[in-house]
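Below: one structure, written as structure tokens.
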Amino acid sequence: MTALAVEGVTKSFGKHVVLRSIDLAVEEHEVVALIGASGSGKSTLLRCINLLERIDEGRIFLADREITGARDVNAVRRQIGIVFQSFNLFPHMNVMRNVTLAPRDVLGLSKAEAEARATELLERFGLADKRLEYPDRLSGGQQQRVAIVRALAMRPELMLLDEVTSALDPELVAEVLQVIGELAQGGMTMVLATHEMSFARDIANRVCFLDEGRILEAGTPEEIFTSPKEPRTQQFLERIIKARRL
Amino acid sequence: MVNSFGSGGDGRRSAAIALLSTAVFFILVAVAITHAPGWPEVRRTFFNWGEFKATFPEIARAFLLNVKIFCIAEVLILVFALFLAVLRSLQGPVFFPLRALAVVYTDLFRGIPTILVIAMLALGAPALGLSYVPTSVVFWGIVSLVLVYSAYVSEVYRAGIESIHPSQQAAARSLGLSHRQTLRRVILPQAVRRVIPPLLNDFIGLQKDTALVGTLGAIEAFQQASIDTNATFNYTAYLSAAVLFVAITIPLARFTDWLVARDRRRRDAGAVV
Numbered sequence: 079m080t081a082l083a084v085e086g087v088t089k090s091f092g093k094h095v096v097l098r099s100i101d102l103a104v105e106e107h108e109v110v111a112l113i114g115a116s117g118s119g120k121s122t123l124l125r126c127i128n129l130l131e132r133i134d135e136g137r138i139f140l141a142d143r144e145i146t147g148a149r150d151v152n153a154v155r156r157q158i159g160i161v162f163q164s165f166n167l168f169p170h171m172n173v174m175r176n177v178t179l180a181p182r183d184v185l186g187l188s189k190a191e192a193e194a195r196a197t198e199l200l201e202r203f204g205l206a207d208k209r210l211e212y213p214d215r216l217s218g219g220q221q222q223r224v225a226i227v228r229a230l231a232m233r234p235e236l237m238l239l240d241e242v243t244s245a246l247d248p249e250l251v252a253e254v255l256q257v258i259g260e261l262a263q264g265g266m267t268m269v270l271a272t273h274e275m276s277f278a279r280d281i282a283n284r285v286c287f288l289d290e291g292r293i294l295e296a297g298t299p300e301e302i303f304t305s306p307k308e309p310r311t312q313q314f315l316e317r318i319i320k321a322r323r324l
Numbered sequence: 005m006v007n008s009f010g011s012g013g014d015g016r017r018s019a020a021i022a023l024l025s026t027a028v029f030f031i032l033v034a035v036a037i038t039h040a041p042g043w044p045e046v047r048r049t050f051f052n053w054g055e056f057k058a059t060f061p062e063i064a065r066a067f068l069l070n071v072k073i074f075c076i077a078e079v080l081i082l083v084f085a086l087f088l089a090v091l092r093s094l095q096g097p098v099f100f101p102l103r104a105l106a107v108v109y110t111d112l113f114r115g116i117p118t119i120l121v122i123a124m125l126a127l128g129a130p131a132l133g134l135s136y137v138p139t140s141v142v143f144w145g146i147v148s149l150v151l152v153y154s155a156y157v158s159e160v161y162r163a164g165i166e167s168i169h170p171s172q173q174a175a176a177r178s179l180g181l182s183h184r185q186t187l188r189r190v191i192l193p194q195a196v197r198r199v200i201p202p203l204l205n206d207f208i209g210l211q212k213d214t215a216l217v218g219t220l221g222a223i224e225a226f227q228q229a230s231i232d233t234n235a236t237f238n239y240t241a242y243l244s245a246a247v248l249f250v251a252i253t254i255p256l257a258r259f260t261d262w263l264v265a266r267d268r269r270r271r272d273a274g275a276v277v
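Those protein sequences? They're chains P and C, same order as listed. FYI, the numbering for the first sequence is 79 to 324, going by our numbering. FYI, the numbering for the second sequence is 5 to 277, going by our numbering.
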């Protein structure tokens with residue numbers, strides 16, 4: 079069954095066209111990696127799916143329901159989790175409060191229910207001892223894992239990950255990637271924009287190469303990373319290999 | 005090794021000169037004041053210990069009115085100013101009239117001297133002769149202070165709201181929180197925390213401006229001091245009032261500085277992103 083369908087989505091900021099008629103279908107339990115240079119439209123696409131940006135043309139479906147121009151955007155966002163490059167934890171709340179805020183205020187869970195749900199997730203990702211800490215006392219890797227837990231606490235149908243390791247020190251990347259790997263194994267449907275090519279190759283069922291707002295090439299990691307057809311994809315991967323990131 | 009005061013003997017010499025010039029300066033000022041022809045008179049009328057002891061208790065009692073005005077006004081200002089700031093932060097063309105109203109309000113009340121607002125309201129409003137409009141000067145004095153200070157304080161709040169990075173808004177909305185919930189749970193708590201030092205600064209001003217209510221006849225510290233002064237032709241009563249004001253504004257000022265310094269230390273430590 080299709081978890082997410084994006085059909086002919088176009089988005090401009092002023093005169094600058096960021097997305098040009100994007101088509102993308104994501105099956106349930108599938109992990110799709112979006113790769114491409116900075117400014118190719120990966121982040122914008124994720125923000126459009128989460129309705130944080132309004133699209134100019136096209137339609138977006140979550141499962142079989144159209145969410146384009148949804149009247150209740152909050153209801154849609156409850157079902158889609160997004161994690162950002164810069165963590166964006168709420169600095170005035172401790173970890174527990176960060177994770178339980180939306181389940182309590184949006185889903186109407188009781189404090190006990192929300193905390194039970196949060197505790198289970200925090201334990202699962204090795205953060206149980208941090209539940210009373212404030213974000214400024216956590217490492218970047220811990221903050222990002224809390225941000226993932228915060229999104230998961232809403233029990234989303236779909237997770238969007240926007241370059242979640244780009245702001246991390248190199249030695250902290252692994253712990254975050256491990257969490258995402260676990261999610262993939264657990265069957266979470268995910269779309270992730272990433273610069274971590276070897277991670278994308280390991281975890282994704284499908285890789286899409288974005289170039290100037292188009293999905294230029296899509297296929298299995300094997301197809302994209304070992305025998306890319308498009309010259310632009312080849313150039314991009316060559317640059318990545320030269321930078322020793324693959 | 006070079007330092008700004010010179011080195012070795014030069015440094016000691018500079019320090020000695022600084023000490024000497026300071027001493028000479030203050031001795032000259034003291035001599036000039038105490039040898040002024042009017043000094044014995046000033047000492048008798050402004051620095052009179054007997055008068056101070058006699059007037060202080062009465063003025064201290066009157067000062068309780070200043071404290072009362074301050075406390076009531078402060079609570080109302082905190083609430084009303086926040087309302088104005090939120091009004092001004094509303095987005096979308098539908099809210100243009102409300103935003104415009106808030107802008108006109110802040111411009112207007114920051115532009116009129118507080119003493120004029122008090123005079124116009126305390127004299128003008130009761131003159132309407134409406135039975136349900138209070139005629140008390142204290143009532144209208146508090147209303148005036150709330151109107152004027154809310155204009156300033158709402159700008160402080162607004163600066164705080166605008167200093168919260170848009171990514172916080174995005175994070176909250178992406179979790180399904182409504183605009184209202186985002187404002188209440190995520191934006192305002194952070195904004196208010198950030199503006200506490202400038203808020204306290206405005207409240208130091210408010211503490212002093214409670215004396216303006218006395219100009220229209222409410223018996224607060226300044227007015228009580230004026231009464232005593234008129235009765236005895238001795239101005240030491242003003243000194244009593246000044247001591248009382250300073251006794252509450254200086255601790256607040258020091259507390260504000262301490263908060264600012266603490267926030268700076270936290271920022272320098274790279275604490276809050």
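Heads up, the beta-carbon is just placed ideally off N, CA and C, and yes, glycines get one too.
Within chain P, partners of residue i - CB distance below 9 angstroms
i              : result
Q194 (chain C) : F168, P169, H170
V190 (chain C) : F168, H170, M171, L179
R197 (chain C) : H170
Chain-order list of residues whose beta-carbon lies under 6 angstroms from that of residue i (same chain, five-residue window excluded)
i              : result
E55 (chain C)  : N238, T240
S99 (chain P)  : G86, T88
A180 (chain P) : M232
P213 (chain P) : L167, P169, Q221
E253 (chain P) : G219
A20 (chain C)  : none
V6 (chain C)   : Annotation note: pLDDT 45 at V6 (chain C) (below 50); position unreliable, coordinate value reported separately. Counting only Cβ-Cβ distances below 6 angstroms, and skipping sequence neighbours, we find nothing.
Q227 (chain C) : G218
Inter-residue spacing [alpha-carbon to alpha-carbon] between residue i and residue j
i              : j              : result
I119 (chain C) : Q173 (chain C) : 41 angstroms
R195 (chain P) : F162 (chain P) : 22 angstroms
A229 (chain P) : F99 (chain C)  : 32 angstroms
G221 (chain C) : A246 (chain C) : 19 angstroms
P44 (chain C)  : T38 (chain C)  : 8 angstroms
N283 (chain P) : A296 (chain P) : 11 angstroms
D261 (chain C) : P201 (chain C) : 8 angstroms
D14 (chain C)  : I31 (chain C)  : 25 angstroms
S140 (chain C) : A126 (chain C) : 8 angstroms
C286 (chain P) : Q185 (chain C) : 36 angstroms
L80 (chain C)  : R92 (chain C)  : 18 angstroms
G231 (chain C) : W144 (chain C) : What sits at residue 231 (chain C) in the sequence shown is Ile, not Gly. When rounded, the distance between both Cα atoms is 22 angstroms.
Y136 (chain C) : A36 (chain C)  : 58 angstroms
Enclosing beta strand (DSSP E) for residue i [first to last residue]
i              : result
L205 (chain P) : Where L205 (chain P) is concerned, there is no enclosing beta strand (DSSP E), given that its DSSP letter is neither H nor E.
F326 (chain P) : With chain P running from 79 to 324 in the structure shown, residue 326 (chain P) is simply not present.
T80 (chain P)  : 80 to 91
G114 (chain P) : From DSSP, G114 (chain P) is part of no beta strand (DSSP E); its letter is neither H nor E.
I146 (chain C) : Unbroken run through I146 (chain C) is the alpha helix (DSSP H), 141 to 166; no beta strand (DSSP E).
Contacts that residue i makes with chain D (C-beta to C-beta distance below 9 angstroms)
i              : result
R155 (chain P) : The structure shown contains no chain D; the protein chains it does contain are P and C.
Beta-bridge partners of residue i, as assigned by DSSP
i              : result
G136 (chain P) : Paired residues: none, contrary to the question.
C126 (chain P) : Note: C126 (chain P) sits in no beta bridge, so no partner.
A99 (chain P)  : In the sequence as presented, Ala is not what sits at residue 99 (chain P); that position holds Ser. Beta-bridge pairing links S99 (chain P) to no other residue.
R292 (chain P) : P:D289
R284 (chain P) : P:V110
H94 (chain P)  : P:F91
Partner residues on chain C for residue i, Cβ-Cβ distance less than 9 angstroms
i              : result
V95 (chain P)  : The premise fails here: V95 (chain P) is roughly 22 angstroms from chain C at the closest Cβ pair, so nothing lies under 9 angstroms.
L130 (chain P) : A174, R177, S178
I160 (chain P) : A174, A175, S178, L179
Beta-carbon proximity list for residue i, same chain, < 7 angstroms, skipping 5 on both sides
i              : result
A257 (chain C) : I208
G213 (chain C) : One detail in the question is off: residue 213 (chain C) reads as Asp in this sequence, not Gly. The answer, listed in chain order, is T118, L149.
R125 (chain P) : E131
V96 (chain P)  : K89, S90, G119, T122, G291
L250 (chain P) : S217, G218, G219
R182 (chain P) : K189, A192
Contact set between residue i and chain C, taken where Cβ atoms lie within less than 7 angstroms
i              : result
V184 (chain P) : L179, G180, L181
M237 (chain P) : Ordered by position in chain C, no residue passes the 7 angstroms Cβ test against M237 (chain P), which lies about 11 angstroms from the chain.
M232 (chain P) : L179, G180
I127 (chain P) : Neighbours of I127 (chain P) on chain C: none; closest Cβ ~11 angstroms, over 7 angstroms.
Delimiting residues of the alpha helix (DSSP H) encompassing residue i
i              : result
D183 (chain P) : 173 to 183
I200 (chain C) : 192 to 213
M124 (chain C) : 118 to 131
G54 (chain C)  : 53 to 93
A252 (chain P) : 248 to 263
L239 (chain P) : Segment 236 to 240 is the beta strand (DSSP E) holding L239 (chain P); no alpha helix (DSSP H) there.
Same chain only: Cβ atoms within 8 angstroms of residue i, ignoring 5 sequence neighbours per side
i              : result
L94 (chain C)  : L102, R103
L23 (chain C)  : none
V110 (chain P) : L102, V104, M268, V269, L270, A282, N283, R284, V285, C286
Beta-carbon neighbours of residue i, restricted to chain P and to distances below 7 angstroms
i              : result
Q185 (chain C) : D183
Neighbour list for residue i in chain C, Cβ cutoff strictly below 8 angstroms
i              : result
N283 (chain P) : Going along chain C, no residue has its Cβ under 8 angstroms from N283 (chain P), so there is no contact; the nearest lies around 24 angstroms.
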